[in-house]
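Enquirer: Residue numbers (my numbering): 622 to 681. All C-beta atoms in this analysis are idealised placements derived from N, C-alpha and C, irrespective of residue type, glycine included.
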């Protein structure tokens, strides 16, 4: 893959997909009573959202 360039359209599409997934994870409600695997998934979801900053892509 060395020497190949990524097209702007691919970067824009990846950015849009990232934003859509981030919004879905951010809006997903945690249930009041959760099973252990749900608690683990929710903790990982919250950690991911806190650790990764929201991107702002300005293409000109």
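Got a sec, what are the start and stop residues for the alpha helix (DSSP H) residue 623 sits in?
Expert: Residue 623 -> no alpha helix (DSSP H), and no H or E assigned at all.
Enquirer: Can you tell me where the alpha helix (DSSP H) with residue 652 in it begins and where it stops?
Expert: That residue, residue 652, is in no alpha helix (DSSP H); it is neither H nor E in DSSP.
Enquirer: Have a look at residue 664 and residue 640 and give me their C-alpha separation to the nearest angstrom.
Expert: One C-alpha to the other measures close to 20 Å.
Enquirer: In three-state terms, what does DSSP make of residue 647?
Expert: Three-state DSSP puts residue 647 in a helix.
Enquirer: For residue 666, which option in 623, 657, 676 and 643 has the closest C-alpha, if you only look at C-alpha atoms?
Expert: Residue 666 has its Cα closest to that of 643, out of 623, 657, 676 and 643.
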